[in-house]
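S.K.:
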Amino acid sequence: MANNFQFLDIPRQDPNKTPADERIHQFKEIYGQFNPTAAGDQAGRCIACGNPYCEWKCPVHNYIPNWLKLIAEGRLFEAAELSHKTNSLPEVCGRVCPQDRLCEGACTLNDGFGAVTIGSIEKYITDEAVKQGWRPDMSGVVATGKRVAIIGAGPAGLGCADILTRNGVKAIVFDRYEEIGGLLTFGIPPFKLEKEVIKTRRRLMEEMGVEFVLNTNIGKDIPFQKLLAEYDAVFLGMGTYTYMKGNFPGEDLPGVYDALPYLISNVNRVLGLERRPADFIDMQGQRVMVLGGGDTAMDCNRTAIRQGAASVSCVYRRDEANMPGSRREVANAKEEGVQFVWNSQPVEIIGTDKVEGVKLVTTVLGPPDARGRRVPEIIPGSAEIIPADRVIIAFGFRPSPAAWLAEFNVQLDTQGRVQAPANGTFKHQTSNPKIFSGGDMVRGSDLVVTAVFEGREAAQGILDYLEV
Amino acid sequence: MRLSRRNRIPVNNIDKLPSGLYRPSFERDNCGFGLIAQMDGKASHWLVKTAIGSLGCLTHRGAIAPDGKTGDGCGLLFKKPDDFLRTLAQELGFTLADHYAVGMVFLHQDPSLADAARKQLEHQLDREGLTVAGWRRVPTDSSACGSEALKSLPVIEQIFVNAPEKSPLPPFVKGGGESSSPPLSKGERGGEIFDEASFQRHLYIARRRTEKAVKNDATFYIVSLSATVIAYKGLVMPANLPVFYPDLQDERFASALCVYHQRFSTNTWPQWRLAQPFRYLAHNGEINTIQGNRYWSMARSQKFATPLIPNMDDVRPLVSMTGSDSLSLDNMLEALLAGGVDLFHAMRLLIPPAWQNDKTLDPELRAFYEYNSMHMEPWDGPAGIVLSDGRYAVCAMDRNGLRPARYVITRDRHITLASETGVYDYAPGDVVAKGRLKPGQMIAADTQTGQLLLPDDIDNQLKARHPYRAWLKQYTKQLTAPENPAVEPDMDEAALFVQQKLFQVSFEERDQILRVLAESGQEAVGSMGDDTPMAVLSRQHRPLADYFRQQFAQVTNPPIDPLREAIVMSLNTCLGRERNLFDSDSTHAARLTIDSPVLSEGQFQQLLNLNDPDYAVQCIDLNYTGTGSLQAAVEQVCANAEAAVRSGKVIIVLSDRAITKESLAIPALLAVGAVHHRLIRLGLRCDANIVVETGTARDPHHFAVLIGYGATAVYPYLAYACLRDMVRTGEITGQDIAKVLANYRKGIDKGLYKIISKMGISTIASYRGAQLFEAVGLHDEVVDLCFTGTTSRLQGTNFADLEDDQRQLARLAWSPRKPLQQGGQLKYVHGGEYHCYNPDVVQTLQVAVKSGDYKTYLQFAELVNTRPIATLRDMLVLRDNIKPIAVDEVEPIEAILPRFDSAGMSLGALSPEAHEALAVAMNRLGGRSNSGEGGEDPRRYGTEKTSKIKQVAAGRFGVTPAYLINAEVLQIKIAQGAKPGEGGQLPGEKVNQMIAELRYARPGVSLISPPPHHDIYSIEDLAQLIFDLKQINPQALVSVKLVAEAGVGTVAAGVAKAYADLITISGYDGGTGASPLTSVKYAGSPWELGLTETHQTMRANDLRGRVRLQTDGGLKTGYDVIKAAILGAESFGFGTGPMVALGCKYLRICHLNTCATGVATQHDGLRKDHFIGLPEMVENYFKFVARETREWLAKLGVKTLAELIGRTDLLQAISGDTAKQQRLDLAPILSDAGVPKDKPQYCTQARNEPFDKGELAEQMVSDMLDAITHQRGGSFNYRVRNVNRSIGARLSGEIARRHGNQGMAGAPISVHLKGTAGQSFGVWNAGGLYMHLEGDANDYVGKGMAGGKLAIYPPRESHFKSNETAIIGNTCLYGATGGKLFAAGLAGERFAVRNSGSTAVVEGIGDHGCEYMTDGIVVVLGAAGLNFGAGMTGGFAFVLDLDNTFSERYNPELVDLHRIHTPGMEQHAAYLRNLIQDYVDETGSQWGQVILDDFATVADKFWLIKAKAAKLEHLLGAPRVSIHDLITPVYVAAASAAAAEVR
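Order-wise, the sequence lines are chains A and B. Residue numbering for the first sequence follows my numbering, beginning at 28 and increasing consecutively. Residue numbering for the second sequence follows my numbering, beginning at 23 and increasing consecutively.
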């Protein structure tokens, strides 16, 4: 019989984490894997709330308590099936979701007991099931003969492809990079998400019947018109790639980098995809200052540490409690030696022909703004200059809509986001009936899991549109 | 007008509520009854006078109208007073033949109508060859009537009818189908034999024809028309009956036999004709099965054939479909007798004992019952019946013994038998015998032979009539296929996938319902309430079964405990054609029996392959091509079924299994109901059985609806296929498929027991076709065709909607890309069913109350008030054309807050921290918190932690005098919204030291709350309990908590007449700490219906001004409060809301003790480290609600909440979003039911004072108050009669108020009483009160006793043997916590039920002794009845077992037996001996002395019975010390003043 008091008797226990002094020398995932017993013990801590707050908070509304129960009972394959009912990339979400702000943050046990290790179990389910031979059950799928082109092999595109394929619609996914995953592969450092994971997922999807056309830039290598003509529908999942700027002096100085190129250059080197050694941005021996407080900033921090930076400081204008990034990542960064400078706002990057330092002012948090976030206010006369050799700007991304969208009557909103409402007649249909879209290019920069959800929802819209 | 169409009743009052929610069929009545007979047939006027006097002694069992004079009716049925009638005839110049009959007739006041009726009756008598000698206007004195009675006063006349010289009908068949029946009397006349039975039969036929011929005259009623008996009855109080009928005072009026009855009706529109006795019988109790009985009598009437009634159509329908249950029972009895069945046989057919499970029953007698069981389902329910045919005086008792019947035989050979003993003053020395009728027994006095026929005499006579046992052996077949997994191959996975989607099996259902049933053989348990929309309001496709709300017993009849009293329960089911009841022969034994209507795979296959023309099978497919309409498809199925039955098919299998992509499935329930009713209408129903093979039956409720609408048996193929699938996939492990399926069926069986017992029904035969459901939101077109007669009041879903649902489900089912539904019915699931306490709602509320920020609260209120339509009130909105006033003009929130109570949540369910925080908050706000049923720590009394409402629930945990004194309101919890009609259990692991102390139990011992209050089996019992409470605490208000169901308004009216001060109507959506999930989902109705029906009915009955009305169930915001007030509530209960405010996250794990918020757990760590609740959070919540309420009042332009009550003109119904919602008709909710505006809308009086002023008790208080106050002790003497009820309670209350429960134990008062004490003698007896009663006492002696001593012994001059004579009644020591009871005689049923600490010695007890006992010591110096020790978890008992039969009669589940003469038991034997010595010292019992004298020998005949969990060597250890007894409680002096406030 299940022990109803397991949540008290067994403490929350994450899988083993590689010690900081060891992991800073490698680009491997820092978290180990549960063994079946540990996974069962941890999953069994779930008290199966009448209101599953985890599921409620989860952007894809994973049936978390249900698969936790399956794992507690040792029924791995059923858990994998169930996990895939709501999520196309559960093993990815298990790794990169900010669980402490979502499911685990909402977990009833998070009040004083230690939340259930939902993320680690989610990761365990698919990793372990695949290892043991589980494959998505496609036996009942009947081909419809319909074909849909998907642009972008990121989370939204993969989510969309997954659902279409499971319903007998052929999904052909185009991506400009040589590997699928988009930011999953190129943006997120391997110590959070090893690239083998994406490769496995690619294999799974190809076995399911998804076709990937990589190294192909739509609009350049293939005209969009051609896709529109040849396919029954098109899904756009091209993300957001315009970097936000700080708009202060010195941003153009040599030694100042945007986060994404920095991260991509690092991944390319790790994966051996680097085209020219000069593309690599190296922080070895440098005093690095990372500006920003989101997950991307953390990725930069920790990448820099691993590259052997002399020091890494992370500057954020609010305090620790009000930062947007996952707390778990902040903790990991701290363990790895990142210095945090809270309540500090950069106002200028100092230097004559290269970066020499950053001028910071101290802030205090004022009252909440319209969205409920407290606004930092600058304390006059608090400016000081902190020396630095390299500055990485990680303020986030804005939409980067392809110029040709307008030609096909795809309307954008004022911020450049594609208009493809979730509650339209067909979910996520754009103003061109044949074109659907989802993920960051519709919402603006957001979480991986949200993009997965929108891709899946858009697929439902496409299926309805195609009357499948 | 829908109402009159559905309920065509020729009653004046029918048009009293032209619209609204009331239905006449909701009426209930319960009563007091009795008979007196001179056994040798010697007539006397003394007997008449005594009968009337006795009836007067039962006045407290009746009710009185607000006019103070109109009773609910009482009456007398006499053996024909021949001399008197002949004298009258002579005076009137009538010529009477040697054989004549007299009819008592109520005629219309309108002379022309009266004349027409007279003419019709004369005509029909003439047709039967009878002559009318004349009509006599019966003298009446209308000054005896109250205004209500006068409104409908009929003209009362007697008709004298002569039998012809020769038998008028050739041939006048002699005797009946049963040649060996006791012969009906035959008069000798001039050498020619006159056949009295035949005369009676002609009278019966003439009467039935007249009744059918006289239409449009609701007053006309033939009270009696008989050659042997005559009835006098009327709507007056018993004392006024002889005033109204001067005949009764006439010295010449002499009879040898009288049956009498006093009625307590639940409403105040009693009718003259519904007064009892009827033509044969008077009934105390309620026939729970009446709906089914009526339908089956209709169905079966075509089967009745007898040469005695040449044309059965003259008398059909045999049974009235309306009127009271007792009336219908009388009809059936009369029909059976007319058909030649004799009186005893007829009664045994109608009300058999519980023969199925009684191992001690004689096999021949069992065969008699089994043989008869196929031809008549039991008319079951609490029933004490007295009846007479003029020769026999008979009394019969239902299987459960739920009504008291005590008899006394005196030296002058009078037997008197009544609900109570002591109804007339016989000299104690004249008493020859006293006794009581036990469950299932019948006794009779034969006034012709002078014989007294005891139960065994009657049984022996009946069983010997025919070789029943041999017949059964020869002709009965059994369907007993062993579980064979190979019978049914696993369903193909793809097919199962489609089936599951089509029939809506979700992942949740598989995991939470099916799996639990299969693994444990029990229903899944959950907690909190159902916060999802009713089916008709839902946006999901909901199964048809979801529209049906299970009915449950409350107040007017009790639910049964199907676990602890399993002995009375049976699912036994017969298949095969029924035969003519009037014939008896061996072929009538032919039937196919199964032990449960839930068929196994093997049984179903066996049934299909019997190849026996007696059980010829016809399968009918329920799948139809989607081109026709659903309604047409249903009609077609009916037509096919009809044709099959006409062609000789017996087993009609309706199957939805063969689904196809091209067809739609008729919901099986629709088909079952429609076929059932079609066959009834055509008189074919009893030629066939309906068996359902369906994918729609998976949980117990699904089965219950199918059976309740007529299915004989159900084959749940899809549930089995799912279970097989779950074994295959490893979802269920550890058990093989055979075991899994067997477990599942066991679980369903248990669930069915639970559902039928909820309605007080014991056998599935009585439940089948009884339609005990309210349909919420089904359109008339559906109800009329398929569920005829079901209460459905709001319209809603019609055939088109149902078909649309099926079509959409089919689309999903056959689309491979649509997954199995995840669920969401039980718990919130994204995209699933809406939940009113969803995460957003819970979290927003918690933020608001923590921060104290009203703006955040308004976000919460917005979430609730603008949610998608989820409750009926969501479809009612405020009119927008109302002129608002400024908020300042509205009464302040301080005036609103006192109207808020927290709902009853026990300490035990809640942690002490949460319980106290709630109390503190409510007290600070000026509202009231409710203790729930778990007692309360006396250290909280008098502090701000005390609960002003103290609950009295069925478990009576910790209900002591001090507890009751420390309350402003005493709430009797009849039912709770989450699981009405069910008991509960607090598992041992939750009973820690503190809980045990408060509940008078020992730690670790499971505590059981019985489903019924064992002192409330009917409305007059409730009146008694209310009286008890008002006696012990005269300052407190008494509240009664009911749950909304169809008819609750009528029950509430009865409760008001029972003198409750407050009534709470709870909705189905109330919470619970633990309950089977199907109870949470399917029982109880929305409060919007229950409250409104109550408000309307009470106003129509002039009762609204007498009581305060509260509602609870899912109330969350001020908007809810406003709507509840408009619908009739003046007070509001909140349960879950304040719990959430205290940190509850709606986890639904209360039953596991694991509540992670520390709110609903006793776990130390969780309480200490994780409970975050503060009283301030609750205060914030209620202040917010009050503030919002006030703002709404301003918008409505209303200055006080009181003014708002009943203002339905301020609400309007919106049309709704879905087609189903749009078809709802909410007008009945918004109706004023035609009651004039000037009638009160809310309570206008301070309290509802009982009619009985308890003068003797007041006298005793004034005599003894000084002695009590000064703890002086003393000795006092009084005489008592049965009308002196609850003697001692007033004193115990005064004692407890001053000294606590035991504070006066050192200075006791001795009270010496002589006579017969009324009910509740020594109730809640406090320490220091000793009462010695020479005489006897009625029910509930020592109930709730906490201390002191009660000694009862026979009058010194009596001659009977005390150990053979009843001395106290039923349910004694119920919930007692201490003290001693010594009674020198026999006690009734359920002695020491829920005893938790008192010590008792008696000389014999009835069935169910020591049930649910948790502590205390019981010594029985004689036989104990059946089912001893059921649910007994503590304490111990000694039973003397002289004839070595006890081991067959006790319930071995929880207790074990030990001998006391064995080595090592010396201490126990010595202990017993000392107790008996004390007993003999107190009572002078000779029997006790005999045992003492020979103790060494007798000792080896004693058993010691103890809970298995207890250790023998610890039994005699230190007695439990309770905190209640150590602490002298503080009486809250302010209570009286506050309680008197009108709220």
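Positions of the beta carbon are idealized from the N, C-alpha and C atoms, including for glycine. Being a predicted model, the structure only gives us computed values, none of them experimental.
Report the three-state DSSP secondary structure of Ala47/A (helix, strand or coil).
M.R.: Residue state, collapsed to three classes: helix.
S.K.: Which of the three DSSP states, helix, strand or coil, is assigned to His488/B?
M.R.: His488/B falls in the coil class under three-state DSSP.
S.K.: Going by the beta-carbon positions, is the gap between Tyr859/B and Tyr1168/B smaller than 7 Å?
M.R.: Cβ atoms of Tyr859/B and Tyr1168/B: closer than 7 Å.
S.K.: Quick test of your reading: Leu652/B and Glu825/B, contact by CB under 8 Å. State the CB separation rounded to the nearest angstrom.
M.R.: The Cβ separation is near 4 Å, so the contact holds.
S.K.: What runs of the alpha helix (DSSP H), each 4 residues or longer, lie entirely inside the region 537-587 of chain B?
M.R.: Listed in chain order, the complete alpha helix (DSSP H) runs (minimum 4 residues) inside the region 537-587 of chain B are 537-542.
S.K.: Under a three-way DSSP split, which group does Lys334/A fall into?
M.R.: The sequence as given places Gln at residue 334/A; Lys does not occur at that position. Gln334/A: coil per DSSP, three-state reduction.
S.K.: In the structure shown, what three-state DSSP assignment does Asp36/A receive?
M.R.: Note: Asp36/A maps to helix in three-state DSSP.
S.K.: Counting only runs of 4+ residues fully inside the region 416-479 of chain A, write out the alpha helix (DSSP H) ranges in chain order.
M.R.: Counting only runs of 4 or more, we get 467-470.
S.K.: Kindly indicate which residue of Asn594/B, His610/B, Leu1537/B, Leu593/B has the alpha-carbon position closest to the one of Arg601/B.
M.R.: Residue His610/B is the option with its Cα nearest to Arg601/B.
S.K.: Just how far apart, CA to CA, sit Thr344/B and Phe366/B?
M.R.: Each residue's alpha carbon lies about 26 Å from the other.
S.K.: Measuring only the C-alpha atoms, how far is Ile37/A from Gly121/A?
M.R.: If you take the alpha carbons of Ile37/A and Gly121/A, they lie about 21 Å apart.
S.K.: Listed in chain order, which residues of the region 317-344 of chain A have Cβ atoms closer than 8 Å to some Cβ of chain B?
M.R.: Per Cβ criterion, the list is empty.
S.K.: Give the interface partners of Met550/B over in chain A, defined as CB-CB distance under 8 Å, in chain order.
M.R.: Per Cβ cutoff of 8 Å: Gly77.
S.K.: I'd like to know whether the C-beta of Ala1178/B is nearer than 7 Å to at least one C-beta of chain A.
M.R.: At least one chain A Cβ lies under 7 Å of Ala1178/B.
S.K.: In this structure, what does DSSP give as the bridge partners for Glu238/A?
M.R.: Note: Glu238/A sits in a beta bridge opposite Ile199/A.
S.K.: Assuming contact is defined by CB atoms lying nearer than 7 Å, are Cys73/A and Pro86/A in contact in what I supplied?
M.R.: Their beta carbons are not under 7 Å apart, which means Cys73/A does not touch Pro86/A by this criterion.
S.K.: Kindly indicate which three-state DSSP category Leu371/B falls into: helix, strand or coil?
M.R.: Correct three-state label for Leu371/B: helix.
S.K.: Which residue marks the beginning of the beta strand (DSSP E) containing Ser410/B, and which one marks its end?
M.R.: It spans 405-410 - the beta strand (DSSP E) in which Ser410/B sits, taken as one unbroken run.
S.K.: Determine the closest residue to Leu1059/B out of Gln1046/B, Asp827/B, Leu1084/B, His1036/B, with distance taken between C-alpha atoms.
M.R.: For the residues Gln1046/B, Asp827/B, Leu1084/B, His1036/B, the minimum Cα distance to Leu1059/B belongs to Leu1084/B.
S.K.: For Glu1379/B, count neighbouring Cβ atoms within 10 angstroms of its own Cβ and tell me buried if that reaches 16, exposed if not.
M.R.: Classification of Glu1379/B: exposed, given that the 10 Å Cβ count is below 16.
S.K.: Quick one: give me the first and last residue of the beta strand (DSSP E) that Pro973/B is part of.
M.R.: The sequence shown places Gln at residue 973/B, rather than the Pro named in the question. Note, Gln973/B: beta strand (DSSP E), 971-974.
S.K.: I'd like to know whether the C-beta atoms of Ile225/A and Ala198/A end up nearer to each other than 7 Å.
M.R.: Their beta carbons are not under 7 Å apart, which means Ile225/A does not touch Ala198/A by this criterion.
S.K.: Could you check whether the Cβ of Asn450/A sits closer than 7 Å to any Cβ belonging to chain B?
M.R.: Answer no: the Cβ-Cβ gap between Asn450/A and chain B never drops below 7 Å.
S.K.: What's the gap between the Cα of Leu210/A and the Cα of Gly181/A?
M.R.: Each residue's Cα considered, the two are about 7 Å apart.
S.K.: Which residues mark the beginning and the end of the alpha helix (DSSP H) in which Pro722/B is found?
M.R.: Taken as a continuous stretch (DSSP letters only), the alpha helix (DSSP H) holding Pro722/B covers 722-730.
S.K.: How is Thr785/B classed by DSSP in three states: helix, strand or coil?
M.R.: Thr785/B falls in the strand class under three-state DSSP.
S.K.: Express the C-alpha separation of Gly1349/B and Met1286/B in angstroms, rounding to a whole number.
M.R.: For Met1286/B and Gly1349/B, the distance between alpha carbons rounds to 15 Å.
S.K.: What whole-angstrom Cβ distance do Arg1170/B and Gly1180/B have, given they're in contact under 8 Å?
M.R.: Going by Cβ atoms, the distance from Arg1170/B to Gly1180/B rounds to 16 Å, so no, they are not a contact pair.
S.K.: Compute the distance between the beta-carbons of Tyr1264/B and Ile1227/B, then report whether it is under 7 Å.
M.R.: Yes.
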